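Have a look at the structure below before the remarks.
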Amino acid sequence: GFGCWLSSVDINTQQSFEQMQNRCVAVVIDPIQSVKGKVVIDAFRLINPQTVLAGREPRQTTSNIGHIHKPSIQALVHGLNRHYYSIAV
């Protein structure tokens, strides 16, 4: 499939939303897999550069340890774990 990731335009849009409302998440649906009948969905939040520079963990801590999926190469190339992180859906 095409994969779930945020483009640079999506990152800029999400940044605007998170500035207005801190609880916003970006929801992405893989259009190729979904047309084939398998809905692939992921949710993302941006990584705040100031948080990283301060040495703090930028991701939210949850109890979804058993539900972590290996990221696709496309997502990593497009900034996953550098500019944004995935939230278990």
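Count along the sequence shown from 1, then add 4; that gives the number in our numbering. Glycine included, each C-beta is placed from N, C-alpha and C at the ideal position. Being a predicted model, the structure only gives us computed values, none of them experimental.
Can you tell me whether residue 77 is helix, strand or coil according to DSSP? Taking the first residue of the sequence shown as 1, we reach residue 77 at position 73. Three-state DSSP puts residue 77 in a helix.
Would you check if the region 34-42 and the region 13-24 touch, i.e. whether three or more CB-CB distances between them fall below 8 angstroms? No: the two stretches stay apart, fewer than three of their Cβ pairs being nearer than 8 angstroms.
What are the boundary residues of the beta strand (DSSP E) that includes residue 48? What you label residue 48 is simply residue 44 of the sequence shown in a count that begins at 1. For residue 48, the enclosing beta strand (DSSP E) begins and ends at 45-50.
Secondary structure at residue 90, three-state DSSP: helix, strand or coil? In the sequence shown, counting from the first residue as 1, residue 90 sits at position 86. Correct three-state label for residue 90: strand.
Identity of the residues DSSP links to residue 30 by a beta bridge: As a first step, residue 30 must be located in the sequence shown, where it is residue number 26. Paired residues: 48.
Counting only the same chain and skipping the five closest in sequence on each side, list residues whose C-beta sits under 6 angstroms from that of residue 47. Residue numbering aside, residue 47 sits at position 43 when the sequence shown is read from its first letter. Cβ within range, chain order: 29, 31, 91 and 93.
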